[in-house]
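Reminder that position 16 of the sequence shown reads as 16 in UniProt numbering, one-by-one numbering, no gaps. A virtual CB, placed ideally from N, CA and C, is assigned to each residue, including glycine. Following: one structure in structure tokens, then a few remarks.
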Amino acid sequence: MPGEMITEESRPVLEFLQMLCEIGAHYPGFETDIHGAYRQADGRYTVKVLKEESKK
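In structure tokens form, the structure reads like this:
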């Protein structure tokens, strides 16, 4: 999800992406290509995250 802000409002999108990853893990051959998500050798998916620092 390049360029997306992850907030409570985006939770449904994250849950959908998690569901896609779970389907791919449960049904080999039905994995999906999710832009910005990378499947690791152990089958887990990861994404790169930039965290904004708190302003004091």
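Ordered along the chain, which non-local residues of its own chain (more than five positions away) have a Cβ less than 7 Å from that of residue i?
i   : result
T32 : L20 and G24
E4  : S10
Specify the secondary structure class of residue i as computed by DSSP and reduced to three states.
i          : result
residue 61 : Only positions 1 to 56 of the chain appear in the structure, and residue 61 is not among them; the question remains open.
M1         : Unreliable positioning characterises M1 in this predicted model, as indicated by a pLDDT of 48, which lies under 50. The coordinate reading is nonetheless provided below. M1 falls in the coil class under three-state DSSP.
Report, in whole angstroms, the separation of the C-beta atoms of residue i and residue j, which I expect to be a contact under 8 Å.
i   : j   : result
L17 : I6  : Incorrect: roughly 11 Å between the Cβ atoms, too far for contact.
V47 : G36 : 6 Å
Within the continuous alpha helix (DSSP H) that includes residue i, where are the two ends?
i          : result
residue 58 : Outside the shown range of the chain, which is 1 to 56, sits residue 58, and nothing can be said about it.
Would you give the residue range spanned by the beta strand (DSSP E) that residue i belongs to?
i   : result
A41 : First-last for A41: undefined, no H or E at that position.
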